[in-house]
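What follows is a set of notes on a single structure, which appears directly below.
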Amino acid sequence: MEIENHDWLPTAGGEEGKSKEIPSNLAPPQEGSRRRADTMSSVRSYMGLKPEAPIDEEHEHLEHHELLWSRTRLALREPFAEFFGTFIMVLFGDGSVAQVLLSASNTTSTIAPGGNGYGSYQSISWGWGIGVMLGIYVAGDSGGFLNPAITFCFCLYRGLPWRRFPIYFLAQFLGGFVGAGVIYANYINAINNYEGHNIRTVPPSKTATGGVFCTYPQAFLTKTSQFFSEFITATILMFVIFALKDESNRGAMGKTGAGPFFPLALFFLIFGLGACFGFETGYAINLARDFGPRLMSYAVGYGHEVWSAGGYYFWIPVRTLRRRPSSLMVASFLGCTFGGFLYDLFIYTGPESPINTPWMGLKQLTQPQNLIRQKEKSAV
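Heads up, the sequence shown is in the UniProt record's numbering, so the first residue is 1 and it goes up one at a time.
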């Protein structure tokens, strides 16, 4: 069998028989490198990530792969992906709202094509759809969740390690916060032109710009309708996502799942939700997309009204009789959880879903050791 020629391989006899020095990029890892690799694996395991980052093997042979930032980036690759994926999503989504709203002012609408500003409501649906699609492409290595409620459902129904949830949640929140901050910095002069210098208001003010960054309900909605509007859109979102990710679901052209077309399919899903359900509450359906930008708008001077507007709509009041608010997580998390439950109950047959285990997953909580023994016996 022919062996490839490497200069550092030993040759036979004399001076030429002495092995040459092995280049540092091909030499076996030293003890320090092993310790650093073990540390990185421990950090990733603690966060519920796979010990080995999903990256090409060529990374280990890069000249600067031992640098601190290279190792940090490798250890936190998936959270970084979630951060920038959510950042891109909010950048396009909030950017579309800003352009449509702010270009409709008296001083700018007349120079726009048609004289009615740069865009319409459908422009916003396009912006959010494109933002989600591109965000998923950016965050592909992490799973492209971009939404704490979706991350929660994949932990609950698809075996995603629960330890990933906090770090993904934080990355998604920060991505939304920073994305909204960039939009504010870009459109600050347009906001001043629309509302007046240093004036910052939220709906239902006629010149409000707070809706650029987060959602506010229509004034005529009851608390129950506010909740139901967000709940039903979140339910549809999760149900369709599980269908698109189901490898046993033969959709168009007999293919299993959406495969490489998943980001494009999400574009149509988000566009459809906006076109059909966005009028009443703005279809936030995403805590990171709403809470991060809402906190940013509060920080730049929109005032306490960002929390109290719409009868504290941010908290999605559920207990309307006592007027005690519950969290915004309620609508998006319960909606996504219910959508995932419906799909797994009636369509999905995969073994990783608790719906397809004894007592619909309750036995895992009450008798976990018995299930472990059953799995061990079946493996033998």
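Each residue gets a CB set at the ideal place from its N, CA and C atoms; glycine is no exception.
Euclidean distance between Cα positions of residue i and residue j
| i | j | result |
| --- | --- | --- |
| Glu247 | Gly340 | 15 Å |
| Phe271 | Ala331 | 20 Å |
| Glu78 | Gly143 | 8 Å |
| Gly261 | Thr281 | One detail in the question is off: residue 261 reads as Phe in this sequence, not Gly. Cα to Cα, Phe261 sits roughly 29 Å from Thr281. |
| Gly93 | Val212 | 9 Å |
| Phe279 | Trp126 | 15 Å |
| Ser229 | Val90 | 21 Å |
| Phe338 | Glu66 | 46 Å |
| Pro166 | Trp128 | 25 Å |
| Ser70 | Ile136 | 23 Å |
| Glu305 | Phe291 | 14 Å |
| Gln68 | Glu82 | For clarity, residue 68 is Leu in the given sequence; the question names Gln instead. About 21 Å. |
| Ser45 | Cys155 | 16 Å |
| Thr224 | Phe231 | 10 Å |
| residue 391 | Tyr121 | Nothing about residue 391 can be reported from this structure: the residues present for the chain run from 1 to 380 only. |
| Pro204 | Gly95 | 21 Å |
| Arg158 | Phe152 | 10 Å |
| Lys245 | Leu264 | 13 Å |
| Ile150 | Leu74 | 24 Å |
| Phe80 | Gly179 | 14 Å |
| Gly361 | Ala171 | 29 Å |
| Leu269 | Met133 | 10 Å |
| Leu266 | Ile241 | 8 Å |
| Gly140 | Leu146 | 10 Å |
| Cys336 | Ile285 | 9 Å |
| Thr357 | Gly251 | 26 Å |
| Leu76 | Gly175 | 15 Å |
| Phe220 | Lys206 | 15 Å |
| Ser123 | Val100 | 7 Å |
| Pro354 | Gly210 | 41 Å |
Buried/exposed call for residue i, threshold 16 Cβ in 10 Å
| i | result |
| --- | --- |
| Phe169 | buried |
| Glu352 | exposed |
| Thr349 | exposed |
| Lys50 | exposed |
| Arg289 | buried |
| Pro293 | buried |
| Cys276 | exposed |
| residue 430 | It is not possible to answer for residue 430, since the shown part of the chain is limited to 1 through 380. |
| Val345 | Correcting the residue type first, residue 345 is Leu in the shown sequence and not Val. So Leu345 ends up on the exposed side. |
| Ala299 | exposed |
| Pro325 | Only weak support exists for where Pro325 lies, its pLDDT of 43 falling under 50; the value from the coordinates is given anyway. With 16 or more Cβ atoms within 10 Å of its Cβ, Pro325 is classed as buried. |
| Thr72 | exposed |
| Phe314 | buried |
| Val380 | Caution applies to Val380, whose pLDDT of 44 falls short of 50 and renders its modelled position unreliable; the value that the coordinates give is listed next. The residue is exposed, with fewer than 16 neighbouring Cβ atoms inside 10 Å. |
| Ile347 | exposed |
| Gly259 | exposed |
| Thr222 | exposed |
Anticipated Cβ contact below 8 Å, residue i with residue j, distance rounded
| i | j | result |
| --- | --- | --- |
| Arg163 | Gly85 | About 20 Å; that fails the 8 Å criterion. |
| Pro148 | Leu334 | Rounded, the Cβ-Cβ distance is 13 Å, inconsistent with contact. |
| Met296 | Phe177 | 5 Å |
| Ile88 | Gly131 | 6 Å |
| Gly117 | Ala98 | Gly117 to Ala98, Cβ: 11 Å. No contact. |
| Phe239 | Leu342 | 6 Å |
| Val202 | Tyr283 | That pair is no contact at about 18 Å. |
| Leu102 | Tyr187 | 6 Å |
Proximity test, residue i beta-carbon vs the ligand FMN heavy atom, cut-off 7 Å
| i | result |
| --- | --- |
| Phe268 | The ligand FMN is not among the ligands present in this structure, which contains no ligands whatsoever. |
Exercise. Contact between the segment 171-183 and the segment 192-199: three or more CB pairs below 8 Å?
Worked result: Segments in contact, no.
Problem set entry | Given 8 Å, three or more beta-carbon pairs between the segment 215-235 and the segment 300-313 | Counting Cβ pairs under 8 Å, three or more are found: they touch.
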